[in-house]
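Colleague: Residue numbers (UniProt numbering), protein chains in the order written: chain A, 1 to 568; chain B, 1 to 437. Structure incoming, see below.
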Amino acid sequence: MIIGLDVGGTHTDAVLLSKQGLERQIKVPTDTSNLFETVLTGFNHLLEDIPIGKIKRVVISTTLTTNAIVQKELNTVGTIVSSGPGIDPEWYRTDENYHAVEGSIDHRGREREPLNHKQILAIAKSMKEKDITTLGVIGKFSVRNPAHELEIRDLLKDQFDTIFLGHHVSGNLNFPRRIATVHLNAAVYEMHRDFFHAVKNSLEQKGLQIPIQILKADGGTMNLESSMSFPGQTILSGPAASVMGSIAYAPGDMDAMVLDIGGTTTDIAILVDKVPLLEPLGIRRGKYKSLIRSLKTHSRGIGGDSHVRVDGNTLKIGPERLGPAMAFGGPAPTPTDALVFLKKMNSGDQQLAQKGMENIAQALGNTPEAAARAIFKQTCTMILDQARDLVHRINSKPVYTVHEFLAGYAIEPQKILLLGGPASYFAQEIETLSGISTEVVPASAVANAIGAALARTTCEITLLADTEQKKAMAPEEDFTAPISHKFTEEDAVETTHELLLKKALKSGADTEDMAVEIIEYQQFNIVRNFSPRGKIFKVKMQVKPGLIKAYEAVCHHCTINPDIEKGI
Amino acid sequence: MLKAAHKTGLVFFPAFDWAIDPTHPEREERLLYTQDQVTEEGIFDIEGILELKPDLINNQDIQRVHFCLPDEESITTESHLISAGGAVAIAQAVMEKRVKRGFALVRPPGHHAMRISHGGRGFCHINMEAIMVEYIRRHYDVKRVAIIDTDCHHGDGTNDIYWHDPDTLFISIHQDGRTLYPGSGFTGELGGPNALGSNLNIPLPPGTATQGYLYVLENTILPAIEAFKPDIIVNSAGQDNHYTDPLTNMKFCAQGYADLTRLLKPDIAVLEGGYAIEGALPYVNLGIIMALAGLDYSRVVEPNYNPEKLQQAPHVTEKIEKTVEIINAHWNNRHHLRESAGSPGDIQERHREIYYDTDNILERQQEKIRICRECGGTFQIESTAMPGSRVLAVHIPQYACHSCREKGYEMYDAAPKKKYDKVILQDKPQDRYVIKS
Ligand SMILES: [Zn+2]
Ligand SMILES: [Zn+2]
Chain A
1 MIIGLDVGGT HTDAVLLSKQ GLERQIKVPT DTSNLFETVL TGFNHLLEDI
51 PIGKIKRVVI STTLTTNAIV QKELNTVGTI VSSGPGIDPE WYRTDENYHA
101 VEGSIDHRGR EREPLNHKQI LAIAKSMKEK DITTLGVIGK FSVRNPAHEL
151 EIRDLLKDQF DTIFLGHHVS GNLNFPRRIA TVHLNAAVYE MHRDFFHAVK
201 NSLEQKGLQI PIQILKADGG TMNLESSMSF PGQTILSGPA ASVMGSIAYA
251 PGDMDAMVLD IGGTTTDIAI LVDKVPLLEP LGIRRGKYKS LIRSLKTHSR
301 GIGGDSHVRV DGNTLKIGPE RLGPAMAFGG PAPTPTDALV FLKKMNSGDQ
351 QLAQKGMENI AQALGNTPEA AARAIFKQTC TMILDQARDL VHRINSKPVY
401 TVHEFLAGYA IEPQKILLLG GPASYFAQEI ETLSGISTEV VPASAVANAI
451 GAALARTTCE ITLLADTEQK KAMAPEEDFT APISHKFTEE DAVETTHELL
501 LKKALKSGAD TEDMAVEIIE YQQFNIVRNF SPRGKIFKVK MQVKPGLIKA
551 YEAVCHHCTI NPDIEKGI
Chain B
1 MLKAAHKTGL VFFPAFDWAI DPTHPEREER LLYTQDQVTE EGIFDIEGIL
51 ELKPDLINNQ DIQRVHFCLP DEESITTESH LISAGGAVAI AQAVMEKRVK
101 RGFALVRPPG HHAMRISHGG RGFCHINMEA IMVEYIRRHY DVKRVAIIDT
151 DCHHGDGTND IYWHDPDTLF ISIHQDGRTL YPGSGFTGEL GGPNALGSNL
201 NIPLPPGTAT QGYLYVLENT ILPAIEAFKP DIIVNSAGQD NHYTDPLTNM
251 KFCAQGYADL TRLLKPDIAV LEGGYAIEGA LPYVNLGIIM ALAGLDYSRV
301 VEPNYNPEKL QQAPHVTEKI EKTVEIINAH WNNRHHLRES AGSPGDIQER
351 HREIYYDTDN ILERQQEKIR ICRECGGTFQ IESTAMPGSR VLAVHIPQYA
401 CHSCREKGYE MYDAAPKKKY DKVILQDKPQ DRYVIKS
């Protein structure tokens, strides 16, 4: 049996799955001031009377990192960056313990300016005086040559407890995002470590000996050990959990949209042949941009509890949420009130909902009935508009080769999967408005926990081989190897594949769940003065997000339990 | 947080799978290191910088500019259509005010492609800037355009296309034609009889450094633009003036390019040449992008930059000052030059030979233009290419007067079909391109 547990912002969902289906499901309120207690409560409920030896897999998704950012509870860490020519690194200052130092590596990974040890040691000394024990070191183009980052680490490794290096977080180029990502990893590290050690210890006390898997933003898992190097990857695993929970119901060979309609927001994701689309570089949320691998999910301020009002003669819905629906004691009308008033939804206070609709009707100069219909339709329209907007933006992403330009695969969803509390009330209208077959994911209220439980271990690797410089490297894994001028495309792909499998196993993957694909391949001839000097190969490969084979069929036995479907 | 002072659109189309041939300077690798630098700097994450997707242009877009022979398909590849489409995408975004300025980092380049195109010249087959300019003249309210070509080679293609157009101010600064391909672009090349002074060709001596470029900019180019009052300014932003460029002999640098861009304030920049792909392009392109966006570019410096080695010799300075004097005299005299260029209604003839180095074609042209004070003047070109076709091409300019429109049809009707492989009429006012059948 396997366990999936998703600690959300307001409540925590947990499921126990066997090959027969959903054995247990629970929903408990999240205590943001004590997530550990929340997690323990979840486990205690799930494991009651269950022989512990039967549990083969545990996956946890938490908002720990997100909470720490929102509540500004990040640890004080030191940051050392070396940039060389380009944009002033001062723009990427993280806090007062951020230092730009001498030293430069260029786009081909060649050293252009050496490090200045004296300068670095002086900075380390100033950090020690502030009792800083965790350090992030980031160099521009360190993914082309990590020598400077490694040199700084070797120089300072006795002075700090933990040092995070830029070239480990991703093979992607983007210096500012590399800085932000390393800083996040470093700043949440202690909290993450303490939290998961506590969880691990208490599960061990219950007799659970299996390794814990943690859900990442890309909808895949990693084991506890790997998570210690990249704790920032747990950010936004919640939306990823829901998307993973819907995958089993997506059609193969077809594009689908997943709409997770909540109280405040609707999260939108795209599946292509059952595989969720990823952000090209990494998570971005508003001004925050990182290299953290992530599903492409867009969160928009429209949901069951969105604030409904009339501005001039126009109906406005969201993006704010002032509170629950009036029918549930809230302060202002919401789409949920429209559902209650129209008797599409059977819970909630009819009279309060009617009051809300009367308010709107008065401002619009029509009947409460007409107002409720207008709100209902507009909510569905807005959700669809946001979804179409995401599809449009994905389809207008630039490409860099003639071949890709002409091939130009365009996303065209032929299926909509709905998740979230109010999903079932909206399904029919969304299908009518969009003309796309729409389905509510079964057990939609705990689909997130099911998604976490069934998510396979994912990872990515980038290999760069340069036959002129006679080396191949995969910076994320600190891999470098000499190569000859005869190095070929097959060699490049094979080397990358080996490294990927090794990394996946190390992160806790099961050999039967290695769904591997090349996500980027480029090859260039290096020519100087009209004569060929060598070749550059770039290969990026991933274990793609998806469900573990052993339990994939389970989803089709998951039915809706009416006890937890109530309330939004 | 880093934020662009001017909202700036970028089209990046490095055509990573297209080359003239595998070891040619115009090959797949050319923008690779630029892309790496721009990506590593996180340029596309900066608020106010937008990455736009190019669209394909179509034959009609090409036919507003060129006579392609034997036809459009034979001398272009998809890569050309996307490259020109990149320039058009930037122009659309600027015209629709989605961005204030834009830069099309596209390849292949186009500024050596002339109005009649039998194939490749100087790595160019069709002219990206001209196709873009004529596109926006057709679709938006734009008449007066200034095109400033800062590529190190004379922009002879653009020079040719706008030779007779008084509504386009074309200025090319380039290494002296006696020392570099294509061997043209001397101070006396001022445009056709109806447009004298609207083409300014400014040859610079080998060894011109940043100081020299900025001197020409401030003392000739900017005053001419100010007097011309263009609706938009286009920069053919070639990057082969760089001190490390393998094909040229100049001493320009990334800081210089950024300064030039900041002072020129182009609405649209289009990448042209530049073949120091590792040592120059990554830094020059970054500098241009940041200058366009109004960001501080003071730290964008080549790793091997040494200002002492990039001093401009006194005799170079002297030569540049003299050239500027000559150009300014022509410019100030432009109205008089046109008045004395011939009597309205007369036909003037010009004979030329054009060599296509990329495709090894020799073309002979005989051009006849109607002298006109009211418009650019209709003209016909009889062109024979070896190897290639023999054609008669008639061009009625965009803002043609009534007499010139009539003259265009007269020329077209009079051309004996038997004598040529093709007789073509480019009727700009009606946006028509007709081939006699
Ligand atoms: Zn050039
Ligand atoms: Zn006329």
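Each residue gets a CB set at the ideal place from its N, CA and C atoms; glycine is no exception.
#1: Using three-state DSSP, classify residue 43 of chain B as helix, strand or coil.
#2: To be precise: take each residue of the region 153-184 of chain A, compare its Cβ to all Cβ atoms of chain B, and keep it if any distance is under 7 Å. Which residues remain?
#3: Go ahead and pull the three-state DSSP assignment for residue 395 of chain B.
#4: Take every Cβ of the region 174-185 of chain B, pair it with every Cβ of the region 129-144 of chain B, and state whether three or more of those distances are shorter than 8 Å.
#5: Just to confirm, is the Cβ distance from residue 338 of chain B to residue 194 of chain B under 9 Å?
#6: Do we get a CB-CB distance below 9 Å when we pair residue 72 of chain B with the residues of chain A?
#7: If I follow the unbroken alpha helix (DSSP H) through residue 78 of chain A, where does it start and stop?
#8: In chain A, which residues lie less than 7 Å from residue 1 of chain B when you measure between Cβ atoms?
#9: Can you name the residues of chain A whose CB is closer than 7 Å to the CB of residue 42 of chain B?
#10: For a cutoff of 9 Å on Cβ pairs, would you count residue 87 of chain B as touching chain A?
#11: Which bits of chain A does residue 300 of chain B rub up against, with CB to CB less than 7 Å?
#12: Under 9 Å, do residue 269 of chain A and residue 257 of chain A count as touching if we go by C-beta distance?
#13: On the CB-based measure, 16 or more other CB atoms within 10 Å of its CB, does residue 176 of chain A come out buried or exposed?
#14: So which residues on chain A does residue 357 of chain B lean against when the C-beta distance must stay under 8 Å?
#15: I need the residues with a C-beta less than 5 Å from some heavy atom of ligand 2; please give them in chain order.
#16: Of all the CB atoms in chain A, is at least one closer than 9 Å to the CB of residue 93 of chain B?
#17: Is residue 106 of chain B helix, strand or coil by DSSP?
#18: Under a CB-based cut-off of 9 Å, is residue 27 of chain B close to chain A?
#19: Between B:18, B:403 and B:432, which has its C-alpha nearest residue 79 of chain B's C-alpha?
#20: Where are the beta strand (DSSP E) runs, 3 residues long or more, that stay fully inside the region 97-164 of chain B, in chain order?
#21: Counting only C-beta atoms, is residue 240 of chain B closer than 9 Å to chain A at any point?
#22: Does the beta carbon of residue 24 of chain B come closer than 9 Å to any beta carbon on chain A?
#23: Of all the residues that make up the region 228-260 of chain B, which are near chain A by a beta-carbon distance shorter than 9 Å?
#24: Compute the beta-carbon to beta-carbon distance between residue 236 of chain B and residue 149 of chain B, rounded to the nearest angstrom, for a pair I have assumed lies under 8 Å.
#25: Expressed to the nearest angstrom, what Euclidean distance is found between the alpha-carbon atoms of residue 102 of chain A and residue 134 of chain A?
#26: Cβ of residue 400 of chain A less than 9 Å from any chain B Cβ?
#27: Per the DSSP calculation, residue 201 of chain B is bridged to which residue(s)?
#28: Using a Cβ-Cβ cut-off of 8 Å (strictly less than) and excluding sequence neighbours within five positions of residue 562 of chain A, which residues of its own chain qualify?
#29: Quick check on the DSSP output: the alpha helix (DSSP H) that includes residue 126 of chain A runs from which residue to which?
#30: If we ignore side chains and look at the alpha-carbon of each, how far apart do residue 74 of chain A and residue 91 of chain A end up?
#31: Are the beta-carbon atoms belonging to residue 204 of chain B and residue 232 of chain B less than 9 Å from one another?
#32: Look at the alpha carbon of residue 223 of chain B and the alpha carbon of residue 328 of chain B, and state the distance between them as a whole number of angstroms.
#33: Classify residue 482 of chain A: buried if its beta carbon has 16 or more other beta carbons within 10 angstroms, exposed otherwise.
#34: Given a threshold of 16 other Cβ atoms within 10 Å of its Cβ, counted over all protein chains shown, does residue 356 of chain B qualify as buried or as exposed?
#35: List the residues that DSSP assigns as beta-bridge partners of residue 3 of chain B.
#36: Out of B:72, B:410 and B:250, point me to the one whose CA is closest to residue 311 of chain B's CA.
Modeller: On the basis of the supplied data:
#1: Of the three classes helix, strand and coil, the one that applies to residue 43 of chain B here is helix, per DSSP.
#2: 173, 174, 175, 176 and 177
#3: strand
#4: no
#5: Yes, these two residues count as a Cβ contact at 9 Å.
#6: At a cut-off of 9 Å between C-beta atoms, residue 72 of chain B does not count as an interface residue with respect to chain A.
#7: Bounds of any alpha helix (DSSP H) do not take in residue 78 of chain A; it lies within the beta strand (DSSP E) bounded by 78-82.
#8: 287
#9: Near residue 42 of chain B (Cβ distances below 7 Å), the residues of chain A are 174, 175, 176 and 177.
#10: no
#11: 85 and 86
#12: Result yes, Cβ atoms of residue 269 of chain A and residue 257 of chain A sit closer than 9 Å.
#13: buried
#14: Result: empty, since nearest Cβ-Cβ is about 15 Å, beyond 8 Å.
#15: In chain order, the qualifying residues are B:372, B:374, B:375, B:401 and B:404.
#16: no
#17: strand
#18: Yes, residue 27 of chain B counts as interfacial toward chain A.
#19: B:18
#20: Runs of the beta strand (DSSP E) spanning 3 or more residues and lying entirely within the region 97-164 of chain B occur at 101-106 and 145-149, in chain order.
#21: no
#22: yes
#23: Taking 9 Å as the Cβ-Cβ cut-off against chain A, the residues of the region 228-260 of chain B that qualify are 246 and 254.
#24: 4 Å
#25: 21 Å
#26: In terms of beta-carbon proximity, residue 400 of chain A lines the interface with chain B, with at least one pair separated by less than 9 Å.
#27: B:172
#28: Only weak support exists for where residue 562 of chain A lies, its pLDDT of 40 falling under 50; the coordinates are left without a value.
#29: 117-129
#30: Answer to the nearest angstrom: the Cα atoms are 20 Å apart.
#31: no
#32: About 9 Å.
#33: exposed
#34: Around the beta carbon of residue 356 of chain B, a 10 Å sphere encloses 16 or more other beta carbons of the protein chains shown; the residue is thus reported as buried.
#35: B:47
#36: Nearest C-alpha to residue 311 of chain B among B:72, B:410 and B:250: B:250.
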